[in-house]
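**Student:** Below you will find the structure I want to go over with you.
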Amino acid sequence: MIETILFYFLAALLLGLGLIVITRTNPIASALSLVGAFAALAGLYALESAKLAAVLQILVYAGGIMVLMLFVIMLLNLPPQTLEPLKARGAVVALAFLAVGVLFGAPLAGALFAGGTGAVPLPAGDFGGVAGVGGKLFADYLFPFEALSFLLLAALVGALVLVKKKL
Amino acid sequence: MELFYPVTPAHYLVLSAALFTVGVAGALSRRNLFVVLMSLELMLNAVNLSFVTFSRMNGDVSGQVVVLFVVAVAAAEACVGLALVLAFYRLGESVDVDLLKTLKG
């Protein structure tokens with residue numbers, strides 16, 4: 001019962017903040033709504049017992065990526081008269097896409113609800129915790145993990161090169 | 168009432184699809200480059216939610232390992248994407264995607 005209440009509350013928060021993100025003129029408002037959406041999403045991960053994913057979502061996504069994005073938005077400091085013309089190219093496109101999504105999504109949702117499993121109980125033990133995920137990560141996914149460190153290095157160097165004024 | 172009351176994994180999957188749709192609508196219709204980047208992050212997070220749900224359904228924690236990778240790749244992509252936004256701003260004093268019509272710098 002508590003899972004139901006929490007799920008609907010967090011889902012409403014997530015979708016509401018997501019819609020706010022795509023409809024604001026001021027990018028600061030969008031970014032702050034996105035931070036709130038990530039917090040709601042971390043709550044949903046925790047509800048599904050993905051504890052490590054929930055904490056990393058807050059630490060890395062909300063606390064790292066969004067802070068970086070806010071830094072850059074505030075660094076550019078676009079005045080409001082520049083932001084006003086940057087509205088949607090007709091909110092018609094967004095509304096049309098949302099309408100198509102609902103049109104195709106309704107039978108999909110119906111099929112999922114009809115044919116899917118019932119309520120799945122949460123797995124026991126340290127399912128989504130540090131030991132559970134870490135064991136799997138360093139046992140089966142060691143090579144992608146090491147490759148990821150190279151990816152982060154490449155991204156770091158690439159970003160520095162891209163913003164240099166003179167190579 | 169059975170549609171709403173015990174929350175099954177199908178609820179999470181429908182929520183993930185809805186969030187993805189919101190992300191694509193934002194990426195297609197906004198002219199501000201920052202909002203397009205944020206819509207991309209919304210899409211990535213929708214897929215993360217889907218991964219976590221399937222990981223719970225199958226009892227396999229690999230789904231959450233993939234979520235870790237997606238978060239790290241999204242961090243790298245946001246970093247490089249914002250560097251590109253800065254470089255683009257230096258050229259034209261604007262972050263309007265409609266000005267990105269040619270491949271010329």
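Taken in order, these protein sequences are the chains called A and B.
The first sequence begins at 1 in this note's numbering and counts up by one.
The second sequence begins at 168 in this note's numbering and counts up by one.
Just so you know, even glycine gets a beta-carbon here, dropped at the ideal spot from N, CA and C.
1) When you compare the stretch 184-193 of chain B with the stretch 204-220 of chain B, are there three or more beta-carbon pairs, one atom per stretch, that lie closer than 8 Å?
2) Identify the continuous alpha helix (DSSP H) that holds V234 (chain B) and give its terminal residues.
3) Could you check which residue in B:F201, B:Y179, B:N199 and B:G230 has the C-alpha nearest to that of A53 (chain A)?
4) Pull up the DSSP beta-bridge partners for D263 (chain B), would you.
5) Quick check on this structure: which residue in B:A243, B:S261 and B:A242 has the alpha carbon closest to the alpha carbon of N77 (chain A)?
6) Can you list, in chain order, the residues of its chain whose CB lies under 6 Å from that of L10 (chain A), leaving out five sequence neighbours each side?
7) Hey, could you find the ends of the alpha helix (DSSP H) E3 (chain A) is sitting in?
8) Let's see if you can read the secondary structure: which residues bound the alpha helix (DSSP H) around T269 (chain B)?
9) Is M66 (chain A) buried or exposed, if buried means 16 or more other CB atoms sit within 10 Å of its CB?
10) So, does the CB of F201 (chain B) fall closer than 7 Å to a CB anywhere in chain A?
11) Spell out whether any CB of chain A is found under 7 Å from the CB atom of M224 (chain B).
12) Compare the beta carbon distance of S49 (chain A) and L122 (chain A) with 7 Å and say whether it is the shorter of the two.
13) Please compile the residues from chain B whose C-beta is within a distance smaller than 7 Å of the C-beta of K211 (chain A).
14) When the Cα of L183 (chain B) is compared with those of A:A109, A:L95 and A:P79, which residue comes out closest?
15) What does the Cβ neighbour count give for I130 (chain A), buried or exposed, with the cut at 16 atoms within 10 Å?
16) Comparing C-alpha positions only, which one of B:F218, B:T269 and B:D265 sits nearest to S237 (chain B)?
**Tutor:** On the basis of the coordinates in this document:
1) yes
2) S229 to G259
3) B:G230
4) B:N199
5) B:S261
6) A40, G43 and L44
7) I2 to T23
8) No alpha helix (DSSP H) holds T269 (chain B); DSSP gives it neither H nor E.
9) buried
10) yes
11) yes
12) yes
13) Missing from the structure shown is residue 211 (chain A); chain A here goes from 1 to 167 and no further.
14) Contrary to the premise, residue 183 (chain B) reads as Ser rather than Leu in this sequence. Ranking A:A109, A:L95 and A:P79 by Cα distance to S183 (chain B) puts A:A109 first.
15) Before going further, note that residue 130 (chain A) is Val rather than Ile in the sequence given. V130 (chain A) should be labelled exposed.
16) First, the amino acid is wrong: residue 237 (chain B) is Val here, not Ser. Checking every option, the nearest Cα to that of V237 (chain B) belongs to B:F218.
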